[in-house]
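Student: First the structure, which I've put down as structure tokens, then a few questions once you've had a look.
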Amino acid sequence: MKSKILLTSFIFVFVLSILILFEFHYSTEKEAIERFQAHQLFTSKQLAKELEVYLRYQSQSAEKLSSLVGKNNALLSSAIQEYFQNITTPNVLSISLLDEKGRVSYSTIKGAVELNFGETQFSKWGRNEPNKGEQFISTEVPEIFSSPNNGQSFRVIIASPMFSGTNKGEARSTLKSKEKLPAAYAGLLIAVIGLGDILTPFLQSYDLHKEKQSVWILDEDGTVLYQPTHPEMVSLNIRRKDKSCSECHNSFDYIETILSKNSGTTNYELKETSQKLSSFASLRYKNLSWKIVVNVPLDEVSKFADKNLLQTVGLVFVLVFTLIGSAFYVFRSKRAKILLEEEGKRLKEQIALQEKVRETEEHYKSVVDNSPDAILIVCEGKIVFVNPAAIELVGATSPEDLVGKTAIQFVHSDDKQFVSNKLYEALTGGITSDKIEGRFIKMDGSIISVEVVGSQTTFNGKPSFQSIISDITEKKKVDLEREVLYEITEGITTTHNLNELLKLIHHSLGKVIYAENCFIALYDRKTKLFNFPFFIDKFDPQPPPMAMKKSCTSYIFKTGKPLLLTQE
0 MKSKILLTSF
10 IFVFVLSILI
20 LFEFHYSTEK
30 EAIERFQAHQ
40 LFTSKQLAKE
50 LEVYLRYQSQ
60 SAEKLSSLVG
70 KNNALLSSAI
80 QEYFQNITTP
90 NVLSISLLDE
100 KGRVSYSTIK
110 GAVELNFGET
120 QFSKWGRNEP
130 NKGEQFISTE
140 VPEIFSSPNN
150 GQSFRVIIAS
160 PMFSGTNKGE
170 ARSTLKSKEK
180 LPAAYAGLLI
190 AVIGLGDILT
200 PFLQSYDLHK
210 EKQSVWILDE
220 DGTVLYQPTH
230 PEMVSLNIRR
240 KDKSCSECHN
250 SFDYIETILS
260 KNSGTTNYEL
270 KETSQKLSSF
280 ASLRYKNLSW
290 KIVVNVPLDE
300 VSKFADKNLL
310 QTVGLVFVLV
320 FTLIGSAFYV
330 FRSKRAKILL
340 EEEGKRLKEQ
350 IALQEKVRET
360 EEHYKSVVDN
370 SPDAILIVCE
380 GKIVFVNPAA
390 IELVGATSPE
400 DLVGKTAIQF
410 VHSDDKQFVS
420 NKLYEALTGG
430 ITSDKIEGRF
440 IKMDGSIISV
450 EVVGSQTTFN
460 GKPSFQSIIS
470 DITEKKKVDL
480 EREVLYEITE
490 GITTTHNLNE
500 LLKLIHHSLG
510 KVIYAENCFI
520 ALYDRKTKLF
530 NFPFFIDKFD
540 PQPPPMAMKK
550 SCTSYIFKTG
560 KPLLLTQE
């Protein structure tokens, strides 16, 4: 009788263990896939950002080279050759100059000179007057630039239009006569950039499944631009698919999902292949609108869970049999002693755990209290904890001034919706938010610029949200001043006459100081009068030339020093 009970118990425990094992296996596999897709989505976003940064850098380089045509045409070819020979990246494959008719006048590729590309998309674009100062990026690279070079399979052309400008003497006469000399279209500077060597190393450095993971790129209209594993798909369009597309694809819904969203994840399965996990992100720069797609076979992600499943089942069988036998033996002979030993061990572990928790809490409190950044915890919509730096940040005098209030009430009204959405995404998604810039209103009503990083945590056993806040007011001020100085400096070379330059200076100064009422006075030594080439005032019209002998303007002119006037 006892043997039957023991056997029945063994079978029951074994079957239950197998069921639990399979359930655990599938839940683990599901969790692993979800975690991987979150990481994969991050990878696709980082890759899109990496490509944008690289294209921006190369576009700026091409723009600088193309600007030389307005300064010294004779040096342009030699400057390009010197730049091409000294660049450290092999991804710049060639640089060429096209005249106003699209004929190649100079190129770093032998055999390209004298070829005519006047009917190409980028050449037609360059001749369009509204495109002056813009750039055009195209994946339609002519055959002469598509020959094998450095193994680059994915290339783009960056086209910068060139316009012949005026020399310094002409510029001075233009300013005096107030006549704008037209800039004539002088051709195009085109740089062929290889992107293949950027995509592969990026994936190898970001993912454990680098051998199976691949990346492909779609244009916003559904055209495949880059597909290294299926090169036959390049230039095909999902909206103009033919019967051959159905030989591999069961459905194209996943591509519609990719094209309809800014970023996200999706799964798809081709015929006679395993399911693939895909994440995608958008890249928008200049005239480009791409979808960067990163995928990997589902089997590659879940194989670690499947690999040892049968071995684990056998191990469970042995363990269950051993446990049942041991339990029966312990129950008959040493139950009391084992229970006593387990209780003593449990108490020791509990005491040790409590000590570790206490030490951890003390260490955490010390770190938080001494942190130079403001730290606050929000639970159920209310502030429940602040460190000394947070009290100082908002100009409070004690924690009681903040605890119990909503954190969002300290956010500037124009930033509340944006900050709320970002922090809500981090709270519901269980992730750390990206750095968020916004404005806080201090207790005295003054406004400061801050940078916030939030993450999910717990407080007294309840889901909470922790924010680390840094005051970046001075940094924003310095950045704005640097931006204004750059705009004015750049305007000296980009504006066409004095009036245009003065308007630019007025607009730029308005970003950092009050400049609603502003004038610029020029002193005429012959007439001994001040003229006003630039005058803006809310109430008064532009005055005629005047002496202004006892004015602040005359004082500043005589002393040659700036003067700050206040109400005091």
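Residue numbering for the sequence shown follows numbering that gives the first Met the number 0, beginning at 0 and increasing consecutively.
Yeah, the Cβ is synthetic: ideal placement off N, Cα and C, and Gly gets one too.
Here the structure is a predicted model, which means the values were calculated and not measured.
#1: Using beta-carbon positions only, say whether Leu92 and Gly193 come within less than 9 Å of one another.
#2: Could you tell me how far apart the beta carbons of Ser213 and Leu40 are, in whole angstroms, since I believe they sit closer than 8 Å?
#3: Helix, strand or coil for Ile108, going by three-state DSSP, please let me know.
#4: What do you reckon, are the CB atoms on Lys260 and Phe251 nearer than 9 Å?
#5: For Gln582, does the three-state DSSP call read helix, strand or coil?
#6: Within the same chain, show all residues whose beta-carbon is closer than 7 Å to that of Ala170, passing over the 5 residues directly before and after it, in chain order.
#7: Let me make sure I understand the geometry here. Which of Ile10, Asn496 and Ser137 has the alpha-carbon closest to that of Lys285?
#8: Buried or exposed: Ser386, going by 16 or more other Cβ atoms within 10 Å of its Cβ?
#9: Could you give the C-beta distance for Ser273 and Asn266, rounded to a whole number, given that I count them as a contact under 8 Å?
#10: By DSSP, does Ile86 sit in helix, in strand, or in coil?
#11: Please check the pair Ile569 and Asn516, which I expect to be a contact at CB under 8 Å, by giving their CB distance rounded to whole angstroms.
#12: Near Glu482, what residues of its chain come up, given a Cβ to Cβ distance below 7 Å and the 5 sequence neighbours on each side ignored?
#13: Would a C-beta distance cut-off of 9 Å place Glu342 and Lys461 closer than the cut-off?
#14: Closer than 8 Å is the cut-off here; do at least three beta carbon pairs connect the region 470-484 with the region 435-449?
#15: Between Pro574 and His505, what straight-line distance do the alpha-carbon atoms span, to the nearest angstrom?
#16: Buried or exposed for Asn149, going by 16 or more other Cβ atoms inside 10 Å?
#17: With DSSP collapsed to three states, give me the class of Ala47.
#18: What's the C-alpha gap between Thr492 and Val223?
#19: Using the DSSP secondary-structure output, state which residues sit across from Trp215 in a beta bridge.
#20: Determine the direct distance from the alpha carbon of Trp124 to that of Gly221, and round the result to whole angstroms.
#21: Where do the ends of the beta strand (DSSP E) carrying Ala388 lie?
#22: Let's see if you can read the secondary structure: which residues bound the beta strand (DSSP E) around Asp536?
#23: Here's the rule: buried if 16 or more other CB atoms are within 10 angstroms of the residue's CB, otherwise exposed. What is Phe153?
#24: Determine the direct distance from the alpha carbon of Ile512 to that of Thr552, and round the result to whole angstroms.
#25: According to DSSP, is Ile10 helix, strand or coil?
#26: Looking at Leu217: is its Cβ nearer than 9 Å to the Cβ of Ile257?
#27: Who pairs with His248 in a beta bridge, going by DSSP?
#28: Tell me the DSSP bridge mates of Phe279?
#29: So, with DSSP's three-state summary, where would you put Leu402?
#30: How far does the beta strand (DSSP E) with Glu128 in it reach, from first residue to last?
#31: Does the separation of the CB atoms of Leu54 and Leu198 fall below 9 Å?
#32: Below 9 Å between beta carbons: does that hold for Gly403 and Leu422?
#33: Could you check if Ile19 is buried or exposed, using at least 16 other CB atoms within 10 Å of its CB as the buried criterion?
#34: According to DSSP, what are the bridge partners of Asn530?
#35: So Leu392 and Ala406 are in contact, right, with Cβ under 8 Å, and what is the actual spacing, rounded?
#36: Between the C-alpha atoms of Thr173 and Ile156, what's the straight-line distance to the nearest angstrom?
Tutor: Result, derived from the coordinates:
#1: With respect to Gly193, Leu92 sits close: the two C-beta atoms are nearer than 9 Å.
#2: Wrong, their Cβ atoms sit about 16 Å apart, outside the cutoff.
#3: Look at Ile108 here: in three-state DSSP terms it is coil, with no helix or strand label.
#4: No, these two residues do not count as a Cβ contact at 9 Å.
#5: With the chain covering only 0 through 567, there is no way to say anything about residue 582.
#6: Confidence at Ala170 is low in this model, with a pLDDT of 38, below 50, so its placement is unreliable and the value that follows should be read with caution. Once the five neighbours on either side are set aside, Ala170 has no close Cβ partner at all.
#7: Ranking Ile10, Asn496 and Ser137 by Cα distance to Lys285 puts Ser137 first.
#8: According to the sequence provided, residue 386 is Asn. The question's Ser does not apply to it. Flag for Asn386 reads buried.
#9: Approximately 11 Å separates the beta-carbon atoms of Ser273 and Asn266; this is outside 8 Å, ruling out the contact.
#10: Secondary structure at Ile86: coil, using DSSP grouped into helix, strand and coil.
#11: The first residue shown for the chain is 0 and the last is 567, placing residue 569 beyond what the model contains.
#12: The answer is none, since no qualifying residue turns up.
#13: Remark: C-beta atoms of Glu342 and Lys461 do not approach each other more closely than 9 Å.
#14: Contact annotation: the region 470-484 touches the region 435-449, with at least three C-beta pairs closer than 8 Å.
#15: Nothing about residue 574 can be reported from this structure: the residues present for the chain run from 0 to 567 only.
#16: The predicted model places Asn149 with a pLDDT of 49, which falls under 50 and marks its position as unreliable; any figure quoted below should be read in that light. Exposed, because fewer than 16 other Cβ atoms sit within 10 Å of the Cβ of Asn149.
#17: Helix at Ala47.
#18: For Thr492 and Val223, the distance between alpha carbons rounds to 41 Å.
#19: DSSP lists Val292 as partners of Trp215.
#20: Between the C-alpha atoms of Gly221 and Trp124 there is a straight-line separation of about 22 Å.
#21: Premise fails: Ala388 lies in the alpha helix (DSSP H), Pro387 to Leu392, not in any beta strand (DSSP E).
#22: Segment: none, Asp536 is in no beta strand (DSSP E) and carries neither H nor E.
#23: It is buried - the Cβ of Phe153 has at least 16 other Cβ atoms within 10 Å.
#24: So the alpha carbons of these two residues sit roughly 19 Å apart.
#25: Ile10 carries a helical assignment under DSSP once its states are collapsed to helix, strand and coil.
#26: Contact check for Leu217 against Ile257 passes: the beta carbons are separated by less than 9 Å.
#27: In the DSSP output, where bridge partners are listed per residue, His248 has Leu269.
#28: DSSP lists Gly263 and Val292 as the beta-bridge partner residues of Phe279.
#29: For the sequence presented, residue 402 should be read as Val rather than Leu. In the three-state reduction of the DSSP assignment, Val402 falls in the coil class.
#30: Here Glu128 belongs to no beta strand (DSSP E), and DSSP marks it neither H nor E.
#31: At the C-beta level, Leu54 and Leu198 stay beyond 9 Å of one another.
#32: Not closer than 9 Å, so no.
#33: So Ile19 counts as exposed.
#34: For Asn530, the pairing in a beta bridge is given by DSSP as Leu521.
#35: Actually they do not touch by this definition, with Cβ atoms about 12 Å apart.
#36: In this predicted model, Thr173 has a pLDDT of only 41, less than 50, meaning its place in the structure is not dependable; the value taken from the coordinates is given anyway. When rounded, the distance between both Cα atoms is 36 Å.
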